Every structure is written in structure tokens, then in C-alpha cells.
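The structure appears right after this line, and notes come after that.
Residue numbers (our numbering): 1 to 466.
And the structure:
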């Protein structure tokens, strides 16, 4: 093989590596961004591919330059798309460069070993020495690039297998997960740069002088990769524990809120009994005032009595003290927010659903609905609550208007932030719905979510207890 033929092969092989890099990055991005709105589209992937191919044709541009320009393009895209929340894209970039360095380090060590062995077999006095040298260089480069692609693909597969959930990330998380990637990348870059150095009229080959590096460097690369996998696993377990802690905290807050509702229901019905008991005394007092022609006193007395009765007047009577208190409390909140509130809810003892669980479900759904309505124009705000029965099932439906912006978490539930009754605490919208889903599953039911335009609808199906 001639020198020109070898150079042509090197250019083609280099372009194959460029294309492989883009494909690997695209795959890695979508491993960590499983949500539809986070995934990189084929169009963006194609633009990135064309950019890298174009940069690959610039012979004076080193590989590091191409990677830096690509990283700048990806970060610019991330800033525009994620509104400056670039924690996850930065981590994906560092992980990509880490995996690239790990696979390249192993492949390069194998390449150096084979290359040194092959060149020892060549006869420099042979007439075809130059042609044979270029031919062997082609074979060893095929080995290098092929092994690099196979190793990168294997590493991606392992990462894909262990990644379960990667939602929100902080810059601290990025730092924790990226240290090994950055260290591995710098280490590989330094080793490759010093492996072959020209000193005056001689060439210093690090791998010929220190042959043990041919197995030590791949071992270091493998250990760094395993360390990164361990870091990702630890991070996921930490996030899972954090979610469980958050769910537990929210559940405890909701239990406290439901206990307050139960106390309010007791007080409410206690007040009704008290008014009933005192009604005879009130009538006697009014008759006494009328007998003495004290009509102004009667008016004042009746006004006070009206005020007392008005406090005990609920707009919605659902058939249960707890749901009465809860729904009417949400109604008052909705009225303050100028939300049209419509209820068709009739709860019966024969429904056999724990009133405590029913209260938890209603509390979550109505809080979410009120929070969603706050974000839109007042004239478009509405909430509709209904309870229907079908065979042995109850169907609780809450429909409300919202701004049309819906981000889904990986469990399929909406992800927004809402304020709890405690001002210092923010809770994810999805946490409340997750609790609703868990409650529904206890009753062998399910939760169905529909979002169309500016209409958001949640239907909870519960099976009656036998």
C-alpha cells in the first residue's frame, strides 16, 4: 500500500470515528433524558452530526478542537432549551468524554502492543518494506478504531442497564458525578500526548520503554469506569431515599391536615347540636322582647343569630362530615382565588371507602387544581369535582383549567411545584398525585390523567370493599 492510499484510509477511518462519536453521544443523551420533552430529537442529532463531519474535514483542526466546538454548540442548545438549567447536559458531556477516554485508553494499549509486535516482524531490508509497513498500519488502525467502537458501545450498554431515574440535578450532583470523568479524560490525554515524543533525531516510545504500562493503563481506565458506575448507582440510591423521605414528610403533613379536618367536622356538628339545643331559649327570648315591643332589640338579636347560623352553613352537603368540611374549605379557597367551583359529590356509607383515604385523595386533587388555576387568567379558572358509581367502583373526577404546560416525570405523573399549607415548604405536584395513585392501588383501582389544551382531568377509580 502506498502512502497516499494510507492517508486516504486514515481520513475515512477518522470520519467513521467522528460519526460514531455523534451516535454514541446521541444515545447517551437519551439514556439520561428519557422524558419526551428532554430527549434529543433526530433533527438536533442530525445537525450535530453535520457539524462534526464539517469540522472533521478541517485537517488543521485537532480532535480536541472538534470536541470543544461540539461541546459549546451542545451547551448553547441546552441553555436555549432548558432556560439556563444545564446541570444534566454538563454531566452528560463530561460522562461522554470520560467514556471516550476510557475506551480509547484500552484500545490504544492494545494497538500499541500489536503495533510493536508487528513491526518487529517486518524486514527493513525488504524491497516491499514501505508498502508492507503501510499495509500493517492499516490493519492495526482497523483494530484500534474497531476496538474503540466496540468498547464504547459496551460501556454505553452497561450505563443504559444501570440508569433508572435521572430527574433534577444540582451543580453539586454534577461535581460529584463528573470528577472521575474529568480525571480520566485528562489522564488519557496526557498519556497519549507523551506516549510518542520526538527528541532531536530520535523518537521516544513510552510503551517500548515501560512495557508494563500496556496493561496498567487499561486497568486504570477500567477502574475509573467502574468508579463512575458506582458513583451513578450511589447517586440514584441517594435520590430514591430523598424521594421516599419527601413522600413520607408529605404523607405526615397530609395525615395532620386530615386529623385537623376530622376535628373541624366534630366541632362543626357539635356547634349544630349546640345551636339546636339553644334554639328554644332563643325563641323564648325573642317572644319576650316582642311582648315588650322592643323591636329594635329583636332585630339586633336576630342579626347575631343569623351570623351564628351563617357560620354553620355549608354550600355543599356531601353526606359525610369529613368530606363536607374538606370540600367546603376548598370551595372557600377557590372563591378567594376567583375560581368557578362546581361540585357533584355524594358520599355514602355503602361506598365502603375509608373516609380518611377519601379525604386524602380529595385534598391532593383539589389542592393541585387550585394551584394550577392560580397560574392562569381569572376569567378562565374553573374546577369541577364529581363522584360517580359504576358497578362495584367509585369514579372520582377532578377537572380544572391550567396553563397547558405539563412536564412529566419518569413515572408518568406531572411534575410542577406547588405550595403546601406550610409557607416554608414547596412540594412537587407529582408527589401528591403519587400518593393518590398509591391510595387507589390499595383499593385495586387506578389513576387516569388527561391533559388536552388547557383542560386537565384526573379520574381516580376505587373498588368498593366487600
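A virtual CB, placed ideally from N, CA and C, is assigned to each residue, including glycine.
In this text, all values refer to a predicted model and were calculated from it rather than measured experimentally.
Secondary structure of residue 443 (DSSP, three-state): coil.
Residue 444 sits exposed, since fewer than 16 C-beta atoms from the chains shown fall within 10 Å of its C-beta. Of the residues 349, 368, 24, 355, the one whose Cα lies closest to the Cα of residue 160 is 24.
Every alpha helix (DSSP H) stretch that sits fully inside the segment 318-351 and reaches 4 residues is listed by chain position as 321-336. Burial of residue 437 is indicated by the presence of at least 16 other C-beta atoms within 10 angstroms of its C-beta. Taken through DSSP and simplified to helix, strand or coil, residue 155 comes out as helix. Here DSSP, grouped into helix, strand and coil, assigns residue 239 to helix. Taking C-beta separations shorter than 7 Å and ignoring five residues to either side along the sequence, the partners of residue 320 in its chain run 347, 355, following chain order.
For residue 3, the three-state secondary structure derived from DSSP is helix. Pairing residue 385 with residue 344 gives a Cβ-Cβ distance under 9 Å. Taking a C-beta distance under 9 Å as the contact criterion, residue 353 and residue 370 do not qualify as a contact pair.
Sixteen is the threshold: when 16 or more other Cβ atoms of the shown chains lie within 10 Å of the Cβ of residue 74, as they do, the residue is buried. Distance from the CA of residue 396 to the CA of residue 460, rounded to the nearest whole angstrom, comes to 5 Å.
By the neighbour-count definition (other C-beta atoms within 10 Å, threshold 16), residue 322 is a buried residue. A residue is called buried when at least 16 other Cβ atoms come within 10 angstroms of its Cβ; residue 432 meets this threshold and is buried.
Under the DSSP assignment, residue 395 falls in the beta strand (DSSP E) whose first and last residues are 393-401.
For residue 47, the number of other beta carbons within 10 angstroms of its own is below 16, and it is reported as exposed. The segment 76-89 and the segment 149-165 do not touch, with fewer than 3 CB-CB distances between them shorter than 8 Å. Using a Cβ distance threshold of 9 Å, residue 69 and residue 50 do not count as a contacting pair. The residue among 28, 37, 132 with its C-alpha nearest the C-alpha of residue 154 is 28.
If you check the CB distance, residue 214 and residue 105 do not come in under 9 Å. Taking C-alpha positions only, residue 253 is separated from residue 367 by approximately 13 Å. Residue 169 and residue 40 have their C-alpha atoms spaced approximately 18 Å apart.
In its chain, beyond the 5 residues on either side, 6 have a beta carbon closer than 7 Å to the beta carbon of residue 137.
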